[in-house]
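As structure tokens, the structure follows; a few thoughts come after it.
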Amino acid sequence: MAGGEPASGAPASPGDLVRRHRLSTRLWHWTNVVAVVVLLMSGLSIFNAHPRLYWGEYGANADAAWLQIGGEGERGFVQIGNTRIATTGVLGRWTDENGRTSTRAFPSWATIPGYYSLAMGRLWHFFFAWVLVIAGLAYWLTSFVNRHVQRDLAPTRAELAPRHLWQDIRDHARLRFPTGAAALRYNVLQKVSYLAVLFVLLPLIVLTGLTMSPAMDAAWPWLLDVFGGRQSARSLHFIAAWLLVGFIIVHIVMVVLAGPVNEIRSMITGRFRLPGTSEEARLT
Amino acid sequence: MSVQVSRRKLIGSLGAGLLLSGCDSWSRSGRVKHVLGSAETLSMGAQRLILGEATLAREYAPADMSSMFRVNGNRTADTPQYRRMLANGFADFRLIVDGLVRRPLEIPLERLRALPHRTQITRHDCVEGWSAIGQWTGVPLALLLDAAGLLDQARYIVFHCADSFGATPYYESVDLIDARHPQTILAYAMNGQPLPEPYGAPLRARIERQLGYKHAKFVMRVEAVASLAGLYGGRGGYWEDVGDYAWYAGI
């Protein structure tokens, strides 16, 4: 949020078009849209080369996997521990757009490239990993310097009171969104989830990714100790990627419910029309 | 009718298909590969910056070892010469060290076993994602390079191997930093036994700070070169030549 002053300088009221997102936030947002989508899909390509996950330092086909995606006979399955879930048609056994059946874990529509190539998956993944890291570090720095983190993202003590948190959860559950000037500030659930993604999930994804690198493990052996070994890091990298997908799904649902045109415009141009009553909000 | 077709095409290309088909045709384009591959240079530069030349990969205790070390790549070298050598326990095997060196060497396996050696329990990380921990004993490559005397023009060390995929022989290469790294050995023993055939008998390179495909098996010859351009496919390794894999496999 850029502060939310209306263009005129007068106090903001419903219907006003006000400045909302800073340029740094908008640039980072759309850079990440591209980087995260490519990283996720090329990551699934890489996973397909060995669709088994382990805990500890080592793990290969003879070792017990806590998660496995595979095909057996005519069926595809996901196995978590000793529990097998049938996923024929989607995971482990699926048919591509040319009618060819494959027993790779993730289907071609979910991977980059759409054909099986570990080498190309790695080329896409590491290029956009650098994009994610450089953009992320730049955004971190900018957001502390321009006080976006301290002013807009850090929850106040009052917001963290259990009563306030509960009220915010109830408002979300009832899809009751703030109107007027209150819509300019992030609510506490937004603050907590943005902070968690910015300072927990993204660093976790980057560091567990680095722990899979034999050179990084030589340079920073503490990575192996922090994550409990290379194969644990690979498992955590996979889990963290799906947590990020979960965040993105909720994020998109909230944008759609809060008025997609107004919300997306504010992330492109930075300008946001203050919602009035819920009827007015729906019109934006 | 034509309107419907074009609309369907339009909708199809505007959907997720745009990204997917775009990435697929881009993945096959040389220019895009080149741009994406620039990240390899960046990764290597960054890792070399924070990694001391002699910084060791972690070594593990015997209790940490995999009970079953996965065999990958070629399980054997399927040539008459190799089968003959294997049958008589590599008694007539000679490791060749040549190229840009002052004194080319031909070293029998028995002589290699008598040289100063290093034993290390390390983690082998395959590019596919799995890992296995095993114990390796072998001659430090730096020792052989010093005995042969590298010429100033030498920039890379190439491992020529007895195994092949179809008619294409396997080979790998490293620069002098990894070649001279204290943990870079030509291993003749694994887990306390003479190196078994599927793991690359008689000699296998261990390049502990890079991924598994750099650890060439069935090594017959070590060559010092100034450039990788003239060798085989010119990219410094079998998988680099045939499959777009990175020459620097530190990640």
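As you go down the protein sequences, you meet chains X and R in turn. Take the first sequence: its letters are residues 1 to 284, numbered as in this note's numbering. Take the second sequence: its letters are residues 285 to 535, numbered as in this note's numbering. Beta carbons: idealized from backbone N, C-alpha and C, even for Gly.
Taking the Cα positions, Gly534 of chain R is about 26 Å away from Phe106 of chain X.
In this structure, Arg397 of chain R keeps its C-beta atom at 8 Å or more from the C-beta atom of Tyr483 of chain R.
Note on geometry: alpha-carbon atoms of Thr87 of chain X and Arg93 of chain X lie some 8 Å from one another. By the Cβ criterion, the segment 373 to 384 of chain R is not in contact with the segment 491 to 501 of chain R, since fewer than three pairs of Cβ atoms, one from each stretch, lie closer than 8 Å.
Listed by position along chain X, the residues whose Cβ is nearer than 8 Å to that of Ala471 of chain R form an empty set, because the closest Cβ is around 16 Å away. Assignment of beta-bridge partners to Ala86 of chain X by DSSP yields X:Phe77. Within 10 angstroms of the beta-carbon of Leu160 of chain X lie fewer than 16 other beta-carbons, which makes it exposed.
The beta carbon of Leu210 of chain X sits closer than 7 Å to those of Met216, Leu223, all from its chain and outside the five residues before and after it, given in chain order. Rounded to the nearest whole angstrom, the CA to CA distance from Pro113 of chain X to Val385 of chain R is 43 Å.
In this structure, R:Leu429 is the residue among R:Leu429, R:Thr325, R:Val319, R:Met352 with its C-alpha nearest to the C-alpha of Leu470 of chain R. Ranked by Cα distance from Asp348 of chain R, the options R:Arg387, R:Asp525, R:His408 are led by R:His408. The segment 438 to 451 of chain R makes no contact with the segment 413 to 423 of chain R: fewer than 3 CB pairs, one atom from each, lie closer than 8 Å. Close CB contacts of Phe502 of chain R within its chain, under the 6 Å cut and outside five residues either way in sequence, are with Ala361, Cys445, Ala446, Asp447, Gly484 (chain order).
Nearest CB-CB separation between His148 of chain X and chain R: not below the 8 Å threshold. Taking the C-beta atoms as reference points, Leu39 of chain X is found nearer than 8 Å to Ala129 of chain X. Between the segment 350 to 369 of chain R and the segment 156 to 173 of chain X, the count of C-beta pairs closer than 8 Å stays below three; the two stretches do not touch.
Listed along the chain, the chain X residues whose CB falls inside 7 Å of the CB of Tyr529 of chain R are Ala119. In this structure, the alpha-carbon of Thr403 of chain R lies about 24 Å from that of Gly433 of chain R. DSSP places Gln477 of chain R in the strand class (E or B) of the three-state scheme.
For Trp130 of chain X, the chain R residues whose C-beta falls within less than 7 Å of its own C-beta are Ala323, Leu326, listed in chain order.
Sequence-distant partners of Asn475 of chain R (beyond 5 residues in either direction) whose C-beta falls short of 8 Å from its own C-beta, in its chain, are Met349, Phe353, Gly418, Gln419.
In terms of CA proximity to Glu412 of chain R, X:Tyr116 leads the group X:Val37, X:Tyr116, X:Gly136.
For Ser193 of chain X, the closest of X:Leu257, X:Val245, X:Phe272, X:Gly121 by C-alpha to C-alpha distance is X:Val245.
Ile380 of chain R has R:Glu390, R:Arg505 as its beta-bridge partners, per DSSP. Across the structure, His465 of chain R and Ile334 of chain R are spaced so that their CA atoms are roughly 15 Å apart. Leu425 of chain R and Met369 of chain R have their C-alpha atoms roughly 22 Å apart. Between Trp66 of chain X and Tyr54 of chain X, the CB-CB gap stays under 8 Å. The bridge partners DSSP lists for Arg273 of chain X are X:Leu17. The beta-carbon of Asn61 of chain X is placed less than 8 Å from the nearest beta-carbon of chain R. Fewer than three pairs of CB atoms, one per stretch, sit closer than 8 Å, so the segment 73 to 88 of chain X makes no contact with the segment 238 to 256 of chain X.
Rounded to the nearest whole angstrom, the C-alpha separation of Glu456 of chain R and Lys498 of chain R is 6 Å. For His318 of chain R, the number of other beta carbons within 10 angstroms of its own is below 16, and it is reported as exposed.
Rounded to the nearest angstrom, the gap between the Cα atoms of Arg22 of chain X and Gly270 of chain X is 6 Å.
In the assembly as shown, Trp166 of chain X is an exposed residue. Its beta-carbon has fewer than 16 other beta-carbons within 10 Å.
Taking a cut-off of 8 Å on C-beta distances, the segment 307 to 325 of chain R touches the segment 124 to 144 of chain X, as three or more cross pairs fall below it. When DSSP reads this structure, Glu72 of chain X sits in a beta bridge with X:Arg75.
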